Every structure is written in structure tokens, then in C-alpha cells.
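Here the structure is laid out as C-alpha cells; the discussion comes afterwards.
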Amino acid sequence: MNKIVRDHYPVEKLPADLREGLGDSATVKIVIEAEAETSAEPKKPLTIEETLEMIRRYKDLGYPSVSSEEAVARIRELRDEWDY
């Protein structure tokens, strides 16, 4: 996300609608952030066929399969490394 920050920006350089209620000799902090774009269509849940196709494509990439026990062991190892 794009963000612009200006500290000590002179109020007299602001548009009139933003100057309301501020003294002309004051300075302000300006933060401008672009809003995240939203898609026109809401996302739909994947169908079973789409889900299975994504799983098949992932497996075709050659990543090794991991058993539940191996996954739990890896997670415990990562968690426990901070105990020392």
C-alpha cells in the first residue's frame, strides 16, 4: 500500500475545506494512504472440483508429502527452540 507522510506541513498550503478550524500559521502532519482496491464481484467459495484440481497441481510441483506426525514434530521443534 502506498503511503505519503509530511510532518510540519503549512496549513496555508492545504485546500480550503481542510483548513477549516485551523489557524493559518499552524503546521500539521499529513498522512495520505491509498485505499485498498476492492473487486466488483464478491469471492465465491471454491467448488470441490476446483479444490481437488488445486491440490493436484500443488502435488505435481513435486513438494514432498508430510505425515501428521512429522508435521507435529516440526512444529514442536520450532516452538521448543525458544525454550533454551
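To convert, take the position in the sequence shown, counting from 1, and add 803; that gives this note's numbering.
Yeah, the Cβ is synthetic: ideal placement off N, Cα and C, and Gly gets one too.
Given the structure is predicted, the values throughout are model-derived calculations rather than measurements.
Between residue i and residue j, is the Cβ-Cβ spacing less than 7 angstroms?
i, j, result
"R822", "V834", "no"
"Y812", "V831", "yes"
If I'm right that residue i touches residue j with Cβ under 8 angstroms, what's the distance once you round it to whole angstroms?
i, j, result
"N805", "A837", "5 angstroms"
Rounding to the nearest angstrom, what Cα-Cα distance links residue i and residue j in this structure?
i, j, result
"S871", "E880", "14 angstroms"
"E852", "D810", "53 angstroms"
"A876", "Y866", "18 angstroms"
"E856", "T841", "26 angstroms"
"K816", "D883", "56 angstroms"
Short of 6 angstroms in beta carbon distance, which residues of its chain neighbour residue i, apart from the five on each side in sequence? Order them along the chain.
i, result
"V808", "V834"
"L825", "V814"
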